[in-house]
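Q:
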Amino acid sequence: MYTGILPLGTMVVHRLFEKGLVYKKTAAVNWCPVDKTVLANEQVINGCCWRCDTVVEKREIPQWFMKITDYADQLLNDLDQLDGWPEQVRTMQANWIGRSEGLQINFKVSGSDLDLAVYTTRPDTLMGVTYLAIAAEHPLSLKEAKTNPELQAFIDECGKLETSEAAVETADKRGVNTGVFASHPITGEQVPVWAANFVLMSYGTGAVMSVPAHDQRDYEFAHQYGLEIKKVIEPANEESCDLKTSAFTNKGRLVNSREFDGLTSEESFDAIAKILEQNNKGERQVNYRLRDWGISRQRYWGTPIPIINCADCGAVAVPEDKLPVRLPEDVIVDGSGSPIKSMPEFYQCSCPKCGREAERETDTFDTFFESSWYYARFTCPENTESMLDARSKHWLPVDQYIGGIEHAVLHLLYARFFHKLMRDEGLVDGDEPFKNLLTQGMVLKDGVKMSKSKGNTVDPQALIDQYGADTARLFMMFAAPPEQSLEWSDKAVEGSNRFLKRLWRFTIEHIEKGTCVELSLDNLCDDLKNIRRQTYKVVSKVSDDIGRRHTFNTAIAAVMELLNTITKFDDDSEQGRAVIQEALEKIILMLSPITPHICHELWQLLGHDKWVVNELWPEIDEIALLQDKIELMVQVNGKLRSKISVSTEADKNVVEELAIADDNVSKFIDGKEIRKIIVVPGRLVNIVVAG
RNA sequence: GCCGGGGUGGCGGAACUGGUAGACGCGCUGGAUUCAAAAUCCAGUUUCUUCGGAAGUGUCGGUUCGAUUCCGACCCUCGGUACCA
Numbered sequence: 000m001y002t003g004i005l006p007l008g009t010m011v012v013h014r015l016f017e018k019g020l021v022y023k024k025t026a027a028v029n030w031c032p033v034d035k036t037v038l039a040n041e042q043v044i045n046g047c048c049w050r051c052d053t054v055v056e057k058r059e060i061p062q063w064f065m066k067i068t069d070y071a072d073q074l075l076n077d078l079d080q081l082d083g084w085p086e087q088v089r090t091m092q093a094n095w096i097g098r099s100e101g102l103q104i105n106f107k108v109s110g111s112d113l114d115l116a117v118y119t120t121r122p123d124t125l126m127g128v129t130y131l132a133i134a135a136e137h138p139l140s141l142k143e144a145k146t147n148p149e150l151q152a153f154i155d156e157c158g159k160l161e162t163s164e165a166a167v168e169t170a171d172k173r174g175v176n177t178g179v180f181a182s183h184p185i186t187g188e189q190v191p192v193w194a195a196n197f198v199l200m201s202y203g204t205g206a207v208m209s210v211p212a213h214d215q216r217d218y219e220f221a222h223q224y225g226l227e228i229k230k231v232i233e234p235a236n237e238e239s240c241d242l243k244t245s246a247f248t249n250k251g252r253l254v255n256s257r258e259f260d261g262l263t264s265e266e267s268f269d270a271i272a273k274i275l276e277q278n279n280k281g282e283r284q285v286n287y288r289l290r291d292w293g294i295s296r297q298r299y300w301g302t303p304i305p306i307i308n309c310a311d312c313g314a315v316a317v318p319e320d321k322l323p324v325r326l327p328e329d330v331i332v333d334g335s336g337s338p339i340k341s342m343p344e345f346y347q348c349s350c351p352k353c354g355r356e357a358e359r360e361t362d363t364f365d366t367f368f369e370s371s372w373y374y375a376r377f378t379c380p381e382n383t384e385s386m387l388d389a390r391s392k393h394w395l396p397v398d399q400y401i402g403g404i405e406h407a408v409l410h411l412l413y414a415r416f417f418h419k420l421m422r423d424e425g426l427v428d429g430d431e432p433f434k435n436l437l438t439q440g441m442v443l444k445d446g447v448k449m450s451k452s453k454g455n456t457v458d459p460q461a462l463i464d465q466y467g468a469d470t471a472r473l474f475m476m477f478a479a480p481p482e483q484s485l486e487w488s489d490k491a492v493e494g495s496n497r498f499l500k501r502l503w504r505f506t507i508e509h510i511e512k513g514t515c516v517e518l519s520l521d522n523l524c525d526d527l528k529n530i531r532r533q534t535y536k537v538v539s540k541v542s543d544d545i546g547r548r549h550t551f552n553t554a555i556a557a558v559m560e561l562l563n564t565i566t567k568f569d570d571d572s573e574q575g576r577a578v579i580q581e582a583l584e585k586i587i588l589m590l591s592p593i594t595p596h597i598c599h600e601l602w603q604l605l606g607h608d609k610w611v612v613n614e615l616w617p618e619i620d621e622i623a624l625l626q627d628k629i630e631l632m633v634q635v636n637g638k639l640r641s642k643i644s645v646s647t648e649a650d651k652n653v654v655e656e657l658a659i660a661d662d663n664v665s666k667f668i669d670g671k672e673i674r675k676i677i678v679v680p681g682r683l684v685n686i687v688v689a690g
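Okay, here's the thing in structure tokens:
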């Protein structure tokens, strides 16, 4: 049901538009000429429409963008603040932002005043440039194509290529000579300009310099088309460099580079930058892989972008008092494109600036737009006047955010970006939205990601109906740690149900024997001390597993072990029963977050008035954990041969003597020279013998 | 292609800081109980074995007294790759 709450988020667009952080430019989309609709990358299968199998075309259309690149440095640097985030996610985001330092270099197009600008992080290889590569749809390429049918055919063909990076990077590298030459900024040499399918107009300048000797892709391209390969870098150490088999891509020492000969790659960076800057042919530049965020979608189901297009005033933001723009609900969906694009009653309006007739934007927002700030909205959900109020400053940042690993880059980067935008608008405090992050692994079904969009989800209701919610919860938490991906199977659910039944039965039997006396810690026998030691070892492990490691499966396993121990333990003495009571209480407290219903019931049956949900997490009895003897394993040459029991106080010499004297150990060391004895306190003894 | 994960018994997984590989559970096998079954309980369950042991954590190599754990190369697989969200 469409509630109209989400469009409140568009309030921020008004201000961002004024700040220039929202802007319009053209970008390529996948267009199905039969369905007359824009397709998502996912909906393009082998270059064809997923519904009608028509070959998909690339179309350049005007779209709205958010200037996330203005925040690239902040998004990169603030990753350091996120020590509650998994390292892998921070690495992925840093790589995605992809900050690099390099040079922008201008190659003058021969017979024209035009400059072709390229960006490179390897100016040390500049003297090895033997051709330039430009995007097929580069203006220079389009111009030349008018008189070059072969080039035009190539451009047409590239128009059919899928837009996704994976498709571009794995496609056969192909190109056509444009016939144009450009002059090398230092030597003045004429290098040919090729149009190539692996250079994208939307990446950087749409042109790259090619150094076949020192870049593998350029190397393969040069081989394919018989272009020159010119070695300008030599290994500085013992590395092998054989240009007959592949490019040498490491840094080294410059050769065949005129006055730069002999410099290291690092030294040449400054030298070359200086010369180019002096001659106005290039400059140092920091570059990012990150591109601006395209927020336009040509779909109906989404939040309308609050912009009015006026013939005279251009794009004008809808004034704040006219927000939110609501999506009309009386639409005719005919399967070809967004219905609001053919609804004058929706798009006809007057310009907020000049009052003349104008058209409302019919593109809607990317759904990532709203999911980038909903966490903040949760602090004030019933506020109908504004996006957020003071409560967001009180509650944020989110203490623990949980989401699938598939969101490691896009959603989590957009949310971080949005938080900074809202911070700069005074709507929230702090630099980052999520203090701690847990990224769940994928749940797979038949080997592929289980997701709403794929429609291959499994409803846990069937499990709940058959076994109850406690069993369903316990089973899911026990299957694997949450960070790991997991092939869905409910085969083993039986075991979780059995465990809960066993816990129930054992507790009832225990209660039926009557109430317990107080524990008297001073005169417990060794067996009872052992039970208590195990109880508190488990409390300690479960606290760590749940609180720090988030490995609920091992926490549950430890509790199962404890129940196994006390179930096998047969001691109906007063103190015996008191120790059992203590263990049972800890088990129930530890399980209560996972299986709340059964624990609520059992807690009361054990004689407590307070609800288990209101109880505190169990404390650890450090004294119960102490032990006077410890088991050490004994290895001979790294192989386990025996175990010895020693006092925790025993020093190294005593431990060595005991280990050597052990019957089974002597079998393996008799008559051999002892070379070394390694004692790892509390762990093992390893006797290294000759032969 | 690139970035980030993962690969351990028949299966899900455990081994957290380089120190007992296979915890816990599923399944399976045998037994107890039962007229019988279900449920429950007990025992066993990596492979090979001359019963002393030996081999074994995707593959190959390395470091180490000792490697699932560290290093190098590779294979397979999952997620992301900017319009699936």
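Using numbering that gives the first Met the number 0, the final residue of the first sequence is 690, and nothing's skipped along the way.
Ideal Cβ placement from N, Cα and C applies to all residues, glycine included.
Note that this is a predicted model, so its numbers are computed, not measured.
#1: Skipping 5 residues on each side, what residues in its chain have a beta carbon closer than 7 angstroms to that of leucine 409?
#2: Where proline 303 and leucine 78 are concerned, what is the direct C-alpha to C-alpha distance, given to the nearest angstrom?
#3: Could you check what DSSP says for threonine 383 in three-state terms: helix, strand or coil?
#4: Closest by CA to serine 209, which one among Leu485, Gly174, Met476, Ser109?
#5: Going by Cα to Cα distance, which pick from Val457, Leu253, Ser163, Lys107 is closest to proline 191?
#6: Taking the C-alpha atoms as reference points, what is the distance between asparagine 496 and aspartate 469?
#7: According to DSSP, alanine 195 sits in a beta bridge with which residue or residues?
#8: In three-state DSSP terms, what is valine 427?
#9: Please indicate yes or no: does the CB of arginine 296 lie closer than 6 angstroms to some heavy atom of the ligand NAP?
#10: Below 7 angstroms between beta carbons: does that hold for threonine 68 and aspartate 291?
#11: Could you tell me if threonine 490 is buried or exposed, where buried requires 16 or more neighbouring beta carbons within 10 angstroms of its beta carbon?
#12: Which residue comes first and which comes last in the beta strand (DSSP E) that contains aspartate 241?
#13: By the three-class DSSP mapping on this structure, what secondary structure does isoleucine 307 have?
#14: By a C-beta neighbour count over all protein chains shown, 10 Å radius and 16 as the cutoff for buried, is histidine 509 buried or exposed?
#15: Is it buried or exposed for alanine 22, if we count other Cβ within 10 angstroms and need 16 for buried?
#16: In whole angstroms, what separates the C-alpha of leucine 639 from that of alanine 165?
#17: Among the residues of its own chain, which have a CB less than 6 angstroms from the CB of valine 285, if the five just before and after it don't count?
#18: What residue from Leu289, Glu219, Ala181, Leu253 has the CA that sits closest to serine 201's CA?
#19: Pull up the DSSP beta-bridge partners for asparagine 435, would you.
#20: Are the Cβ atoms of leucine 387 and leucine 426 separated by less than 7 angstroms?
#21: By how many angstroms is the C-alpha of proline 480 removed from the C-alpha of alanine 471?
#22: Give me the DSSP bridge partner(s) of glutamate 356.
#23: Where does isoleucine 545 fall in DSSP's three states?
#24: Cβ atoms of leucine 499 and valine 537: under 7 angstroms apart, would you say?
#25: Tell me the rounded alpha-carbon separation between arginine 252 and lysine 24.
#26: Which runs of the beta strand (DSSP E), 3 residues or longer, sit entirely within the region 252-334?
#27: Starting from the Cα of alanine 270, find the closest Cα among Trp616, Met91, Leu102 and give me that residue.
#28: Return the chain-ordered list of same chain residues with a C-beta closer than 6 angstroms to the C-beta of proline 234, the five sequence neighbours on each side being excluded.
#29: For threonine 186, name the three-state secondary structure that DSSP assigns.
#30: How close, in whole Å, do the beta carbons of threonine 457 and lysine 444 come, if the pair is a contact with beta carbons under 8 angstroms?
#31: What first and last residue would you give for the alpha helix (DSSP H) that runs through glutamate 508?
#32: Is the beta carbon of threonine 124 less than 7 angstroms from the beta carbon of histidine 213?
#33: Can the beta-carbon of histidine 549 be found less than 7 angstroms from the beta-carbon of leucine 624?
#34: Could you have a look at glutamine 574 and say whether DSSP puts it in helix, strand or coil?
#35: Just to confirm my understanding: we take valine 28, look at its own chain, exclude 5 residues before and 5 after, and list those with CB closer than 7 angstroms. What are they?
#36: In chain order, which continuous runs of the beta strand (DSSP E) of length 3 or greater are located wholly inside the region 580-664?
A: Reading from the atomic positions:
#1: Phe367
#2: 32 angstroms
#3: coil
#4: With distances taken between Cα atoms, serine 209 lies closest to Gly174.
#5: Nearest option by C-alpha distance: Lys107.
#6: 8 angstroms
#7: In the DSSP output, where bridge partners are listed per residue, alanine 195 has Ala134, Gly174.
#8: coil
#9: Looking at this structure, you won't find the ligand NAP or any other ligand, since it has none at all.
#10: yes
#11: This sequence places lysine at residue 490; threonine is not what is there. Lysine 490 comes out exposed.
#12: Run containing aspartate 241: none; DSSP gives neither H nor E here.
#13: strand
#14: buried
#15: In the sequence on display, residue 22 carries tyrosine and not alanine. Exposed is the call here.
#16: 50 angstroms
#17: Glu100
#18: Leu289
#19: Under DSSP, asparagine 435 takes part in a beta bridge, and its partners are Gly83, Gln399.
#20: Leucine 387 is a Cβ neighbour of leucine 426, given a cutoff of 7 angstroms.
#21: 16 angstroms
#22: DSSP lists Ser349 as partners of glutamate 356.
#23: helix
#24: For the pair valine 537 and leucine 499, the CB atoms are not nearer than the 7 angstroms cut-off.
#25: 43 angstroms
#26: 281-286, 306-309, 313-316
#27: Closest option to alanine 270, Cα to Cα, is Leu102.
#28: Cys240, Gly251
#29: coil
#30: Position check: residue 457 holds valine in this sequence, whereas threonine was assumed. With 8 angstroms as the limit, valine 457 and lysine 444 qualify as a contact, their Cβ atoms being about 7 angstroms apart.
#31: 492-511
#32: The answer is yes: Cβ separation under 7 angstroms.
#33: The criterion of a C-beta distance shorter than 7 angstroms is not satisfied by histidine 549 and leucine 624.
#34: helix
#35: Val37, Arg58, Ile60
#36: 628-635, 638-646
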